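The block underneath contains the structure these notes are about, expressed in structure tokens.
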Amino acid sequence: MDEKNSLIEKKSAFVSGVWSERVLVITEDYEIKGYVFMPKTGRRNRLLSDILNSSKRFVAIKNCKLKHRKTSNRVTEAHDFIQLNLDSIVLIRPALQEE
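Numbering (this note's numbering), first residue to last: -14 to 84.
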């Protein structure tokens, strides 16, 4: 098996072993839209509460856009990955399709 096929198999195994959800996260300074991931060890409808109630203090958000709330004239930033401290979250909810 070549390296490319091995990488594809590892990626497929990762994707099949986790739930993902597109979310809107509000902090004091930012509005963040992106994807959160959790292992498929529980129920999908508990994804966000499991993240907030876990013993971990940070949540990973992938493929996200950060909009500055206090300075609206700043350009929206795009990032492949950020780590967000749970203490900074004011609101987190599933993102709507049109968002």
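We put the beta carbon where it would ideally sit given N, CA and C, even for glycine.
Keep in mind that this is a model prediction, so the values were computed, not measured.
Check your understanding: Roughly how many angstroms separate the alpha carbons of residue 33 and residue 58, rounded to a whole number?
Key -> The residue given as residue 33 occupies position 48 in the sequence shown. The residue given as residue 58 occupies position 73 in the sequence shown. Cα to Cα, the separation comes out at about 30 Å.
Check your understanding: Tell me the DSSP bridge mates of residue 38?
Key -> Position 53 of the sequence shown holds residue 38. DSSP output for residue 38 lists no bridge partner at all.
Point to revise | Cβ-Cβ separation, residue 43 to residue 69 (assumed contact under 8 Å), whole Å | key: Against the sequence shown, residue 69 aligns to sequence position 84. Against the sequence shown, residue 43 aligns to sequence position 58. Taking C-beta atoms under 8 Å as the contact rule, residue 69 and residue 43 qualify, at a distance of about 6 Å.
Point to revise | Where residue 19 falls, given that 16 or more other Cβ within 10 Å makes a residue buried | key: In the sequence shown, residue 19 corresponds to position 34, counting from 1. Per the 10 Å Cβ criterion, buried.
Point to revise | Cα-Cα separation, residue 38 to residue 75 | key: Taking the sequence shown and counting its residues from 1, one reaches residue 38 at position 53. Taking the sequence shown and counting its residues from 1, one reaches residue 75 at position 90. Between residue 38 and residue 75, the C-alpha separation is close to 14 Å.
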